[in-house]
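Trainee: Residue numbers (our numbering): 440 to 961.
C-beta atoms are modelled at their ideal positions from N, C-alpha and C, and glycine is treated no differently.
Below: one structure in structure tokens.
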Amino acid sequence: MGVPAELADRSLAEQHEYLRSRFSRRTVMRGGAVTLGAVAGGVFVPGAASAATATSAAPAPAAEAVDGALVAPFGRHLSYGDDARTEMTVSWQVPVAVKDPFIRVGGSAGELSRRIPAELRALYTPAGVGTSADHTQYYVHAKLTRLKPGRTYYYGVGHQGFDPASPRFAGTIGTFTTAPARAERFTFTAFGDQGVSYHALANDSLILAQGPSFHLHAGDIAYADPSGQGKTSDTFDARTWDQFLAQTETVAKSVPWMVSYGNHDMEAWYSPNGYGSQEARFAPPRNGPDPKELPGAYSFVHGNTAVISLDANDVSYEIPANLGISGGTQTAWFERQLRKFRAAGSGIDFVVVFFHHCAYCTATAHASEGGVREEWVPLFEKYTVDLVINGHNHVYERTDVLKGDKVAKELPIGGTAYPETDGVVYVTAGAAGKGLYEFPVGDSYEGKEKESGPFASYVTQKGGGKKAVTVDWSRVRYTNYSFLRVDVEPAPVGRTATLTVRGLAETGAEVDRFVVARKVRA
């Protein structure tokens with residue numbers, strides 16, 4: 440697809456407008472695959488797509504008349520709501536626009552509730568925008584509220600002709616567990632940059648074995664857009680998302696899969712901010728600074744731990760397609776969240792922040808993002824954030840304890856950090872399944888530690904330039920597929936609560952371990 444040269448480096452909103460004008464309503468309707476998404480704004484209209492099978496303006500394709508009993512839901516994935524103790528959103532996919540989608544929920548597989556209506560969202564990709572020709576995807580979401588904290592529920596999803604309460608479809612019933620009402624021991628996992636591959640599937644299998652309460656995906660989710668520059672010249676195959684959700688279902692159908700958006704998750708055709716497609720596929724909490732503009736920025740609380748997801752596309756100097764999209768509101772919201780969670784009586788011991796672009800990394804592909812360092816690192820330090828998790832670079836790397844871009848305390852494998860006095864630890868966990876990157880020096884990890892001494896890396900600056908820096912804070916480096924496991928151990932007032940953080944290889948072998956400790960205050 441030819442792109443005017445003057446658009447090559449424009450904002451995502453300008454690129455969206457170009458695509459919308461090129462693939463006009465008339466062009467789309469000539470293509471013959473008309474859905475509500477195509478007629479009512481280009482792709483997906485939140486809340487309106489559930490009417491796709493009833494609107495006269497969007498005649499249903501013949502495939503939509505198929506017997507619902509022959510259409511099986513797939514790609515189930517969970518997300519906490521604004522209150523992780525009482526809200527859960529169950530999402531799934533269907534290959535055609537089924538009628539009357541719903542969910543059933545209960546305390547056991549044999550005692551499911553009456554039908555609770557769900558919302559069908561249609562997502563249309565015309566030929567020429569991507570590589571999948573005319574293609575419509577259908578995603579379904581059911582938001583559950585007034586649940587009980589710390590309770591395991593059974594659920595089944597269906598539609599007209601496919602009822603999970605029927606013995607015929609009983610094998611499709613799954614479970615989920617809400618966050619607890621008070622602090623208790625739990626585990627969560629994290630990584631970024633997964634995509635669809637053998638290694639991605641292997642990591643999913645190993646994650647499931649950890650028994651996590653939730654999983655954090657730090658951006659670059661499916662890689663349907665392999666170039667990831669947020670440009671009209673990007674080519675993507677929307678069907679890759681079908682493969683991804685089917686691959687991930689083994690974990691995400693029972694473990695809340697909490698996403699943050701990276702540069703490969705901006706798809707210009709769907710909306711001015713590039714996230715229209717993600718709004719169709721995912722339903723994270725909507726308590727962020729602007730759920731419509733930045734749907735990947737939000738927070739939730741699990742026990743004694745607050746988790747904050749940020750959208751680093753908003754501050755990225757390296758890939759500036761959405762640079763400044765929030766106008767500073769995201770950072771202001773972020774500081775308000777930190778202030779709230781650090782207030783006396785909040786019940787929060789640990790604050791974990793995750794997002795895509797790396798604050799501190801030395802992998803040669805992307806290294807460190809200057810926009811993140813300028814905008815958010817001062818807040819990490821001011822509010823003594825306990826752990827920062829990134830993706831973007833397809834490696835595992837962990838820093839010493841940092842403050843003011845300098846090593847405040849060396850943190851060897853097996854060591855302990857005290858954020859209140861020491862500083863912040865940063866982990867890049869971007870080796871979830873896509874092709875691996877390299878470091879400028881050799882690996883150094885548990886059992887194979889090697890002293891490298893200070894070495895050269897860079898930080899991307901505003902305008903895209905690379906500032907050369909000398910690095911002495913890179914403590915652990917591992918260039919193979921891996922993910923992060925974090926075990927949270929609460930403690931009574933006056934005692935010390937801990938996060939035990941472990942880097943685990945695709946084989947299950949431990950490549951890193953450290954502890955973050957914090958004295959519990961009333």
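#1: Do you know whose CA, among Asn829, Lys889, Thr823, Thr918, lies nearest Gln955's CA?
#2: For Glu849, does the count of other Cβ atoms within 10 angstroms reach 16, so buried, or fall short, so exposed?
#3: Quick test of the definition: if touching needs 3 or more C-beta pairs under 8 Å, does the region 629-638 touch the region 538-547?
#4: In the DSSP assignment, find the unbroken beta strand (DSSP E) run with Asp506 in it and report its ends.
#5: Quick check: Phe683 and Ser748, are their CB atoms within less than 9 Å of each other?
#6: Report, in whole angstroms, the separation of the C-beta atoms of Ser652 and His741, which I expect to be a contact under 8 Å.
#7: Quick check on Arg837: does DSSP put it in helix, strand or coil?
#8: Should Thr909 be labelled buried (16 or more other beta-carbon atoms within 10 Å of its own) or exposed?
#9: Over the uninterrupted alpha helix (DSSP H) stretch that includes Ala452, give me the two end residues.
#10: Cα-Cα, which of Pro728, Tyr577, Ala782 is closest to Asp681?
#11: Between Asn761 and Leu451, how many whole angstroms is the CB-CB distance? I'm expecting something under 8 Å.
#12: Any idea what DSSP makes of Thr584, helix, strand or coil?
#13: Would you mind working out which of His831, Trp912, Ile828, Leu818 sits nearest Trp772, comparing C-alpha positions?
#14: What residue does the alpha helix (DSSP H) around Thr794 start on, and which one ends it?
#15: For Thr687, report the span of its alpha helix (DSSP H) as first-last.
#16: Taking the alpha helix (DSSP H) that Trp772 falls in, what are its first and last residues?
#17: In the DSSP assignment, find the unbroken beta strand (DSSP E) run with Glu928 in it and report its ends.
#18: Once the 5 residues before and after Arg585 are set aside, which same chain residues still bring their CB inside 7 Å of it?
#19: Report all residues from its chain with a CB closer than 7 Å to the CB of Arg812; omit the five preceding and five following residues, and keep chain order.
#20: Kindly indicate which three-state DSSP category Pro695 falls into: helix, strand or coil?
#21: So, helix, strand or coil for Asn829, using DSSP?
#22: Whose C-beta lies closer than 7 Å to the C-beta of His874 among residues of the same chain, with five residues either side of it excluded?
#23: Take Arg449 as the anchor and find which of Ala707, Ser883, Thr744, Val846 has the nearest alpha-carbon.
#24: Nearest CA to the CA of Val816: which residue from Thr770, Ser785, Gln649?
#25: Is DSSP giving Val467 helix, strand or coil here?
#26: With distances taken from CA atoms, which of Tyr662, Phe513, Ser738 is nearest Pro603?
#27: Using the C-alpha atoms, what's the distance from Val915 back to Gly942?
#28: Might you give, ordered along the chain, the residues of its own chain that have their beta carbon closer than 7 Å to the beta carbon of Ala661, omitting 5 neighbours on each side?
#29: Residues in its own chain within less than 7 Å of Ala930 by CB, not counting five upstream and five downstream?
#30: Secondary structure at Tyr876, three-state DSSP: helix, strand or coil?
#31: Just the Cα atoms here: how many angstroms apart are Val429 and Ile828?
#32: Contact check, Tyr884 vs Asp951 under 8 Å by CB: the rounded distance?
#33: Compute the beta-carbon to beta-carbon distance between Ser710 and His455, rounded to the nearest angstrom, for a pair I have assumed lies under 8 Å.
#34: Report the three-state DSSP secondary structure of Arg720 (helix, strand or coil).
#35: Counting Cβ pairs, one atom from each stretch, are 3 or more of them under 8 Å apart for the region 554-572 and the region 616-623?
#36: How far does the beta strand (DSSP E) with Arg957 in it extend, from its first residue to its last?
Mentor: Walking through what the data contain:
#1: To locate residue 955, count along the sequence shown from 1; it is residue 516. At residue 955 the sequence reads Val, which differs from the Gln that was named. When only C-alpha atoms are compared, the closest one is Thr823.
#2: Numbered from its first residue, the sequence shown carries residue 849 at position 410. That one is exposed.
#3: no
#4: Along the sequence shown, read from residue 1 onward, the residue named residue 506 stands at position 67. Asp506: not part of any beta strand (DSSP E); DSSP gives it neither H nor E.
#5: Taking the sequence shown and counting its residues from 1, the one referred to as residue 683 is at position 244. Taking the sequence shown and counting its residues from 1, the one referred to as residue 748 is at position 309. No. Outside cutoff.
#6: The residue given as residue 652 occupies position 213 in the sequence shown. The residue given as residue 741 occupies position 302 in the sequence shown. Ser652 to His741, Cβ: 6 Å. Contact.
#7: Within the sequence shown, numbered from 1, the residue matching residue 837 stands at position 398. Strand at Arg837.
#8: Within the sequence shown, numbered from 1, the residue matching residue 909 stands at position 470. Result: exposed.
#9: Mapped onto the sequence shown, residue 452 falls at position 13. Here the alpha helix (DSSP H) through Ala452 covers 451-461.
#10: Locating residue 681 in the sequence shown gives position 242, where the first residue counts as 1. That would be Tyr577, whose Cα lies nearest to the Cα of Asp681.
#11: In the sequence shown, residue 761 corresponds to position 322, counting from 1. In the sequence shown, residue 451 corresponds to position 12, counting from 1. About 5 Å separates the two Cβ atoms, so the contact holds.
#12: The sequence position of residue 584 within the sequence shown is 145, counting from 1. Coil at Thr584, not helix or strand.
#13: On the sequence shown, position 333 is the one that residue 772 refers to. When each option's Cα is compared against that of Trp772, the closest is Leu818.
#14: Locating residue 794 in the sequence shown gives position 355, counting from the first residue. Correcting the residue type first, residue 794 is Phe in the shown sequence and not Thr. Element bounds for Phe794: n/a, residue is neither H nor E.
#15: Position 248 of the sequence shown, counting from 1, holds the residue named residue 687. First-last of the alpha helix (DSSP H) with Thr687: 678-691.
#16: Counting from one through the sequence shown, the residue named residue 772 turns up at place 333. From DSSP, the alpha helix (DSSP H) with Trp772 extends over 768-781.
#17: Within the sequence shown, residue 928 is the residue found at index 489, counting from 1. Start and end: 921-928.
#18: Walking along the sequence shown from the start, residue 585 turns up at place 146. Same-chain partners within the cutoff: Thr525.
#19: As a working mapping, residue 812 is identified with position 373 in the sequence shown. Cβ neighbours of Arg812 beyond the five flanking positions: Ala798, Val898.
#20: Translated into positions along the sequence shown, residue 695 becomes position 256. The answer is strand: DSSP assigns Pro695 an E or B state.
#21: The sequence position of residue 829 within the sequence shown is 390, counting from 1. Correct three-state label for Asn829: strand.
#22: For the purposes of this step, residue 874 is taken as the residue at position 435 of the sequence shown. One point to set straight first is that residue 874 is Gly, not His, in the sequence displayed. Cβ within range, chain order: His833.
#23: To locate residue 449, count along the sequence shown from 1; it is residue 10. Comparing Cα-Cα distances from Arg449 to each of Ala707, Ser883, Thr744, Val846, the minimum goes to Ala707.
#24: In the sequence shown, counting from the first residue as 1, residue 816 sits at position 377. Among Thr770, Ser785, Gln649, the Cα nearest to that of Val816 is on Thr770.
#25: Here residue 467 corresponds to residue number 28 of the sequence shown, with the count starting at 1. Any reading at Val467 needs caution, since the residue's pLDDT is 44, under 50, leaving its predicted position unreliable; the model's value is listed next. Secondary structure of Val467 (DSSP, three-state): helix.
#26: What you label residue 603 is simply residue 164 of the sequence shown in a count that begins at 1. It is Phe513 whose Cα lies nearest to the Cα of Pro603.
#27: Walking along the sequence shown from the start, residue 942 turns up at place 503. Walking along the sequence shown from the start, residue 915 turns up at place 476. Those two C-alpha atoms are separated by around 10 Å.
#28: Here residue 661 corresponds to residue number 222 of the sequence shown, with the count starting at 1. Answer for Ala661: Gly634, Val635, Thr679, Trp680, Phe683, listed in chain order.
#29: Your numbering for residue 930 matches position 491 in the sequence shown. Result list for Ala930: Ala936, Val959, in chain order.
#30: Start at 1 with the first residue of the sequence shown, and residue 876 comes out as number 437. In the structure shown, Tyr876 sits in coil (DSSP, three-state: anything other than H, G, I, E or B).
#31: The question about residue 429 has no answer here: the residues shown for the chain are numbered 440 through 961.
#32: As a first step, residue 884 is located in the sequence shown; it is residue number 445 there, counting from the start. As a first step, residue 951 is located in the sequence shown; it is residue number 512 there, counting from the start. At roughly 6 Å, the Cβ-Cβ gap stays under 8 Å, so Tyr884 and Asp951 are in contact.
#33: Along the sequence shown, read from residue 1 onward, the residue named residue 710 stands at position 271. Along the sequence shown, read from residue 1 onward, the residue named residue 455 stands at position 16. Indeed, because the Cβ distance is near 6 Å, the residues count as touching under 8 Å.
#34: One-based indexing of the sequence shown puts residue 720 at position 281. In this structure, Arg720 counts as helix in the three-state DSSP scheme.
#35: Counting C-beta pairs closer than 8 Å gives fewer than three between the region 554-572 and the region 616-623, which falls short of the contact rule.
#36: Taking the sequence shown and counting its residues from 1, the one referred to as residue 957 is at position 518. Where Arg957 is concerned, the enclosing beta strand (DSSP E) stretches over 949-958.
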